[in-house]
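Everything in the sequence shown is counted per the numbering used here, starting at 1156 for the first residue and increasing by one.
No residue lacks a Cβ here, since even glycine has one placed at the ideal position from N, Cα and C.
Okay, so here's the structure we're looking at.
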Amino acid sequence: MVENDFLEGYEEDEKAMRGAILTEPISSLDLRRHVSVPHDASVAEAVLQMTETHTGCVCVVEGGILVGIFTERDLLRIVQGKIDTATTPVGQVMTEKPVTLRPRHGIAQALNQMSEGGFRHIPLVDGLGRPVGIVAMRDIVSFIVSLFPDAVLNVPPDPEAIQTEYGG
């Protein structure tokens, strides 16, 4: 293979990735099940749900409608305030009116919103405002990795490490 063939192949892969990110809907991602808690649930209950489901956020609902999101960052923000997590309603400390998208929206739109807003999770809602999922930055990164599995998964963990005959 000559250098030009390699570069052409790389450019084709890059075009394919750009096309996939620009055209694929969020619904094509391998999304995990979202977790919802009522707005009057305690912070401790919300944290327990996050811990048990290994997720970084919960949707906060009132009457089945999304009214906020409670994330790991919200927890870090309130921890210094010495609140009683067992009695404080999550609705008092959640992020209100979060940016939302629909599953039909594009991955690029989710990535743009996360980049612009500085957050890692976006609730997905239906036409009535009911949560139907969460798209996380991790989901998008996994999607990008799936486009280049050989190139990404074969990168050494530490590019600065010196390889020895024993693999270290």
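TODO: Entirely within the segment 1231-1259 and at least 3 residues each: give me those beta strand (DSSP E) ranges in chain order.
DONE: none
Open item on the list: What does the alpha-carbon distance come out to for the pair I1324 and V1192?
Closed with: There is simply no residue 1324 to check, as the chain begins at 1156 and stops at 1323 in what is shown.
Task: Residues that V1215 bridges to, as DSSP identifies them - done: V1192 and G1223
- [ ] Compute the Euclidean distance between the alpha carbons of L1186 and A1241, then round it to the nearest angstrom.
- [x] 30 Å
Open item on the list: Once DSSP output is grouped into helix, strand and coil, what is the label at P1180?
Closed with: strand
- [ ] Rounded to whole angstroms, what's the CA-CA distance from R1257 to E1200? Just pull it up for me.
- [x] 27 Å
- [ ] Give the range of the alpha helix (DSSP H) segment to which L1279 is assigned.
- [x] L1279 -> not in any alpha helix (DSSP H); beta strand (DSSP E) instead, spanning H1276 to V1280.
Open item on the list: Helix, strand or coil, according to DSSP, for G1261 in the structure here?
Closed with: strand
Open item on the list: Quick check: what's the CA-CA separation for L1230 versus L1203?
Closed with: 12 Å
Task: Residue from Q1264, G1288, F1225 and Q1235 whose Cα sits closest to the Cα of Q1247 - done: F1225
Task: Pairwise C-alpha distance: D1294 and L1184 - done: 7 Å
Open item on the list: With DSSP as the reference, identify every bridge partner of I1295, one or two as the case may be.
Closed with: None; I1295 has no bridge partner.
TODO: Using the Cα positions of K1237 and M1292, report the straight-line distance between them to the nearest angstrom.
DONE: 30 Å
Open item on the list: Tell me the DSSP secondary structure of G1284 in three-state form.
Closed with: coil
- [ ] Pick out whichever of I1233, R1285, R1188 and Q1264 has its Cα sitting closest to the Cα of T1178.
- [x] Q1264
Open item on the list: Quick check: H1276 and I1262, are their CB atoms within less than 8 Å of each other?
Closed with: no
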